[in-house]
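Numbering follows this note's numbering, with no gaps: position 65 of the sequence shown is 201. In this text, a Cβ means the ideal position worked out from N, Cα and C, and glycines have one as well. For reference, the structure discussed in these notes is given below.
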Amino acid sequence: MTRSVSFPLALTAALALSLTACGGDDDKKVAGTPLTPTPSSTPSAPAPTSTVPVTRTADELTKALLELNDLPSGFSQEKDESDDGSKPFSSPSSRCKTLVKYLNATKAPGSKASVTRTFTGGQEGPYIDYGLDSMGTAAEVADLRDSYAKAVDSCTKVTLKTEGSGNTSMKVEKITAPAYGTKPFAFRLTGTSGPKRGLEYTAAVTGVDDVILSVGVLAGQGGELEPATEAAVTKARQVLKTA
137 MTRSVSFPLA LTAALALSLT ACGGDDDKKV AGTPLTPTPS STPSAPAPTS TVPVTRTADE
197 LTKALLELND LPSGFSQEKD ESDDGSKPFS SPSSRCKTLV KYLNATKAPG SKASVTRTFT
257 GGQEGPYIDY GLDSMGTAAE VADLRDSYAK AVDSCTKVTL KTEGSGNTSM KVEKITAPAY
317 GTKPFAFRLT GTSGPKRGLE YTAAVTGVDD VILSVGVLAG QGGELEPATE AAVTKARQVL
377 KTA
């Protein structure tokens, strides 16, 4: 892995890092340790109505991220590395313009402060990325979530270019989101042809009051996203003291 990812909009980083680590055998999902969430459940809640901007620091957000000791044994934390400026996603369709822009981003658009943390269950995965972005208000969180969902609904496939491997066609589809946080949304990218055929990435985006929370799972077994999102939302609410 080369660096961690912020918003799933920036899943370019998550994919890039694991494409190298996973090697050439990406046609099948790899085994990984299931993530066990913290005991308290935080179901999806109505959007807060407050419009007063909230200022949060990167240090404050970092404390609200899951840590290694919050995860099951067998996981390790990946070291962050700087963004290399690459833009691996593309599409000839104008309907995919917004989604491609989001996928090539490195943090949530409009973010006032952004923190990330990435964990791996082994060289072949799963890779789980957590991100928190301070947007100032719950309304800004909702607007970005809606824009992102619309971008996914408008686009059916994108192209992923990987250095030294060529292009992979990735199917884009909306999936049922884990019911945690405010207005949760989720999507999946699946490699359908090319060198990374079979590679799967799932991501969830949800609101925690004025903060947008993201969780991404790469090379998982299909069941990691929900407990990972539950655990992330639970801790964020406890630390940030949101409703």
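With 16 or more other CB atoms across the displayed protein chains lying within 10 angstroms of its CB, residue 251 is buried. Ranking 187, 236 and 198 by CA distance to the CA of residue 297 puts 236 first. The beta carbons of residue 338 and residue 322 sit closer together than 8 Å. Annotation: the continuous alpha helix (DSSP H) that includes residue 283 extends over 274-290.
311 is the residue among 311, 364, 240 and 277 whose C-alpha sits nearest the C-alpha of residue 326.
Here residue 296 is bridged, per DSSP, to 225 and 304. When DSSP states are grouped into helix, strand and coil, residue 269 belongs to the strand group.
Proximity to residue 315 across 350, 342 and 249 peaks at 342, based on C-alpha coordinates. Here residue 352 is bridged, per DSSP, to 265 and 339. Secondary structure note for residue 231: it is in no alpha helix (DSSP H), with a DSSP letter that is neither H nor E. Pairwise C-beta distances place the stretch 204-219 in contact with the stretch 253-263, as three or more of them are shorter than 8 Å.
If you check the CB distance, residue 264 and residue 200 do not come in under 8 Å. Taking a C-beta distance under 8 Å as the contact criterion, residue 253 and residue 238 do not qualify as a contact pair. Under the DSSP assignment, residue 363 falls in the alpha helix (DSSP H) whose first and last residues are 361-376. When the beta-carbon positions are compared, residue 340 and residue 202 stay at least 8 Å from each other. For residue 310, the pairing in a beta bridge is given by DSSP as 323. Take the alpha-carbon of residue 189 and the one of residue 300: they are about 45 Å apart.
Apart from the 5 residues on each side of it in sequence, residue 275 sits with its Cβ closer than 7 Å to the Cβ of 187 in its chain, given in chain order. Counting other Cβ atoms within 10 Å of its Cβ, residue 194 stays below 16 and is therefore classed as exposed.
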